[in-house]
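> Numbering (my numbering), first residue to last: 97 to 815.
We put the CB at the ideal spot given by N, CA and C, even for glycine.
Got a structure for you, written out below as structure tokens; questions coming shortly.
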């Protein structure tokens, strides 16, 4: 049950204007000074409010009142009313005029002016000034009324302010009309929160508004979790009914969503409109770019290759030569293959021959506007740059992803490059692919590089696989493992897993591969022991060593291993900062969980906490070093940060580590698929250590993930 505090603002200690989060010192009706915290609009000093919430004890700041809702109190003073009317909320009303208004109309001045502004006639106010003051009073009163109403639906202050900013004077009306509209209109509100609000409003579980919102929600959740672009009706209905928890015939509601084009029906496939539009447009953009021919001929490439072989003392295989020719003589070309098959060697040759043909100097900055190397993640881009000795950036950076979350390059403002080489293309989802390809001009040559056998993108789609399977893009498939990689047991294991020819009796440690068949109870401590051993050999915990785990929960899950490793490898625990159920310290290894254009940090970037402290407003902050780029986080932004001593295999895509350690235990069984295992193995550059139940290695290698439901291949093939 909420407690009540009647008080007036004495001063604001801290306020975030964007989120409305406020810390203020107040004076209660009993004359006691207190601290209040919560999401509230700017309130008038000297005006009494009834705050509803709970008393809490902050570890550092002591006794505080955490606000859940508030309203203006009936208890007011003459001084408070004068202060309110002379505030910046009201144009042209200073302390002198405010005093005259209160002297004339008394403590009920606001109510009297709203009812009839002509009560101000004795003060010789003009008609315009009277009308303006009434409008401003109404606006302020309405904002407070709206907030009280929203708080009554258990909508927090931050979200309530977003709703008011979006809907204005229609906020309550819009909410009561259909609370499920909040899902699309207000960032941060999903079906679960909208459903909670609807329940408080008395909306029944079989209300048509709820059912249609549940269909869209089920579609979005399932599509994002499975990576599917479309669903069939049976699966869509099954997921929707599980959410609704009430039996209802969904057919008519689905048809209504189709009529309104919120869901698109094509043959027997159902698409969210956005997914459908993006996939259709992506196919068109790829076809557009792939038209025409290249100026570079195969004869020219063959002649230059002969010279490069002599100059660099290198000998390309016939397959490599053909891949280089294909990349340079086609508008769009794909190079795909596993580790050790020579993809990087081919890209280097493409760069060298292209620059020679167009007389470009690769060390001249002017060339950077003509040739672009890009990858989905910062780590992949960094590796690309190191290997090829040419600047590389993430796709987001090349597209000008800005602080506002928007891209500066688009169809109307295309990228300037004449050659684009994209690495780790298996990670690119249909949405990023659309953004990229729609921003590429007609005459640009594109080389797409990736391993089609790795995990597909986290978000919906399987762009690289669909491009290859469509057979509309020239594709070079590299299968031969080259001399420098032939002795690697990591690469042999990856190959055996990929072709599903892994036998339990052929699992042998040796060279760069260490397999330890150990009991479940010893797995976690064995991982810690292996990390200790690597550190003693001079390897770096942040840069060189990575524990990869399929799941977050469980004794051998990501969360538990992170705690174990934090306790073991960051024992000094300097300057603790708690956020949620996690506690961070200086020198912790952390990962960014979402794209953050404001800080210039992208999803999957790994960093080290270099400082935790208080800013000039006595507010917690954390400084993280992401490979030389320092990013500063306030406490609220830590929602997008997590410990990274151990991380998911999905998050490791696009990265390589000198040492990869991976547990395999029965708790992970339902996650173990060939694609997941293959991706984890191929992250290891020098050593791969697998500990646990080795029979699961064979199981995973022979357990394929279910194919994603996409139609990009179909759209590329047909008109």
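If you follow the beta strand (DSSP E) that residue 718 is in, where does it begin and where does it stop?
The count along the chain shown starts at 1 and reaches residue 718 at position 622. 716 to 722 is the extent of the beta strand (DSSP E) around residue 718.
> Apart from the five residues just before and just after residue 198, which ones in its own chain have a Cβ nearer than 8 angstroms to its Cβ?
The count along the chain shown starts at 1 and reaches residue 198 at position 102. So the qualifying residues of the chain are 174, 177, 178, 181, 205.
> Using 8 angstroms for Cβ pairs, my map puts residue 521 next to residue 546. What's the rounded Cβ distance?
In the chain shown, residue 521 corresponds to position 425, counting from 1. In the chain shown, residue 546 corresponds to position 450, counting from 1. The pair is a contact, with the Cβ atoms about 3 angstroms apart (cut-off 8 angstroms).
> Below 6 angstroms CB to CB, which residues in the same chain sit around residue 453 once its five sequence neighbours on both sides are set aside?
Locating residue 453 in the chain shown gives position 357, where the first residue counts as 1. Within the same chain, residue 453 has close Cβ partners 392.
> Hey, quick one: how far does the alpha helix (DSSP H) through residue 462 stretch, first residue to last?
What you label residue 462 is simply residue 366 of the chain shown in a count that begins at 1. Here residue 462 belongs to no alpha helix (DSSP H), and DSSP marks it neither H nor E.
> Hey, residue 93 and residue 473: beta-carbon distance below 8 angstroms or not?
Residue 93 lies beyond the range of the chain shown here (97 to 815); nothing can be said about it.
> Here's the rule: buried if 16 or more other CB atoms are within 10 angstroms of the residue's CB, otherwise exposed. What is residue 743?
Walking along the chain shown from the start, residue 743 turns up at place 647. Buried: at least 16 other Cβ atoms inside 10 Å.
> Report yes if the C-beta distance between residue 760 and residue 734 is below 8 angstroms; otherwise report no.
Counting from one through the chain shown, the residue named residue 760 turns up at place 664. Counting from one through the chain shown, the residue named residue 734 turns up at place 638. Taking 8 angstroms as the Cβ cut-off, residue 760 and residue 734 do not qualify as a contacting pair.
> Going by Cα to Cα distance, which pick from 297, 289, 291 is closest to residue 269?
As a working note, residue 269 is residue 173 in the chain shown. Cα-wise, what sits closest to residue 269 is 297.
> If you drop the 5 nearest sequence neighbours on each side, which residues of the same chain put their C-beta closer than 7 angstroms to that of residue 376?
Within the chain shown, numbered from 1, the residue matching residue 376 stands at position 280. Closer than 7 angstroms at the Cβ level, and outside the excluded window around residue 376, lie 811.
> Taking only the alpha-carbon atoms, compute the straight-line gap between residue 421 and residue 553 and give it to the nearest angstrom.
Taking the chain shown and counting its residues from 1, one reaches residue 421 at position 325. Taking the chain shown and counting its residues from 1, one reaches residue 553 at position 457. Cα-Cα distance, rounded: 28 angstroms.
> With distances taken Cα to Cα, identify the nearest neighbour of residue 447 among 423, 435, 462.
Within the chain shown, numbered from 1, the residue matching residue 447 stands at position 351. Comparing Cα-Cα distances from residue 447 to each of 423, 435, 462, the minimum goes to 423.
> Inspect the CB distances between the region 778 to 796 and the region 597 to 614 and report whether three or more fall short of 8 angstroms.
Contact holds: three or more Cβ-Cβ distances are below 8 angstroms.
> Measure the alpha-carbon distance for residue 317 versus residue 542 and round it to whole angstroms.
Working through the chain shown from its first residue, we reach residue 317 at position 221. Working through the chain shown from its first residue, we reach residue 542 at position 446. Each residue's alpha carbon lies about 33 angstroms from the other.
> Tell me, please, whether the region 674 to 691 touches the region 708 to 721 by the rule of three or more beta-carbon pairs shorter than 8 angstroms.
Judged by Cβ distances under 8 angstroms, the region 674 to 691 makes contact with the region 708 to 721, as three or more pairs qualify.
> Please report whether the beta-carbon of residue 109 lies at a distance below 8 angstroms from any beta-carbon of chain D.
Among the chains in the structure shown there is no chain D, since it carries only a single protein chain.
> Could you tell me which residues DSSP pairs with residue 758 in its beta bridges?
The residue given as residue 758 occupies position 662 in the chain shown. Looking at the DSSP assignment, residue 758 forms a beta bridge with 786.
> Keeping to the same chain, check which residues put their C-beta closer than 6 angstroms to that of residue 256; ignore five residues upstream and five downstream.
Position 160 of the chain shown, counted from the start, is the residue given in the question as residue 256. Here the set comprises 243, 246.
> What is the DSSP secondary structure of residue 644, reduced to helix, strand or coil?
To locate residue 644, count along the chain shown from 1; it is residue 548. Strand at residue 644.
> Just the C-alpha distance for residue 459 and residue 467, rounded to the nearest angstrom, thanks.
In the chain shown, counting from the first residue as 1, residue 459 sits at position 363. In the chain shown, counting from the first residue as 1, residue 467 sits at position 371. Residue 459 and residue 467: Cα-Cα distance of roughly 11 angstroms.
> Bridge partners for residue 102 per DSSP, in chain order?
To locate residue 102, count along the chain shown from 1; it is residue 6. In DSSP, residue 102 forms a bridge with 146.
> Given 8 angstroms as the limit, is there contact between the region 785 to 799 and the region 756 to 770, that is, 3 or more CB pairs closer than that?
Yes, since at least three Cβ pairs between the region 785 to 799 and the region 756 to 770 fall closer than 8 angstroms, the two stretches touch.
> Leaving out five residues before and five after residue 230 in sequence, what residues of the same chain have Cβ atoms less than 8 angstroms from its Cβ?
For the purposes of this step, residue 230 is identified with residue 134 of the chain shown, where counting begins at 1. If we look at residue 230 and ignore the five residues flanking it on each side, its Cβ neighbours are 209, 210, 213.
> Quick check on the burial criterion: 16 or more other C-beta atoms within 10 angstroms. Buried or exposed for residue 110?
For the purposes of this step, residue 110 is taken as the residue at position 14 of the chain shown. The residue in question, residue 110, is exposed, as its Cβ has fewer than 16 Cβ neighbours within 10 Å.
> DSSP on residue 875, reduced to helix/strand/coil?
With the chain running from 97 to 815 in the structure shown, residue 875 is simply not present.
> Could you tell me how far apart the beta carbons of residue 164 and residue 148 are, in whole angstroms, since I believe they sit closer than 8 angstroms?
The sequence position of residue 164 within the chain shown is 68, counting from 1. The sequence position of residue 148 within the chain shown is 52, counting from 1. Right, the Cβ-Cβ distance comes to about 5 angstroms (below 8 angstroms), so this counts as a contact.
> Indicate the three-state DSSP secondary structure (helix, strand or coil) for residue 698 in the structure shown.
Looking up residue 698 in the chain shown gives position 602. Correct three-state label for residue 698: coil.
> On the three-state DSSP scale, how would you describe residue 744?
Taking the chain shown and counting its residues from 1, the one referred to as residue 744 is at position 648. DSSP places residue 744 in strand when its eight states are reduced to three.
> In whole angstroms, give me the CA-to-CA distance for residue 234 and residue 186.
Within the chain shown, residue 234 is the residue found at index 138, counting from 1. Within the chain shown, residue 186 is the residue found at index 90, counting from 1. Distance between the alpha carbons of residue 234 and residue 186 is about 11 angstroms.
> With the cut-off set at 8 angstroms, would you say residue 576 and residue 415 are in Cβ contact?
The sequence position of residue 576 within the chain shown is 480, counting from 1. The sequence position of residue 415 within the chain shown is 319, counting from 1. Yes, the pair counts as a contact, with Cβ atoms nearer than the cut-off.
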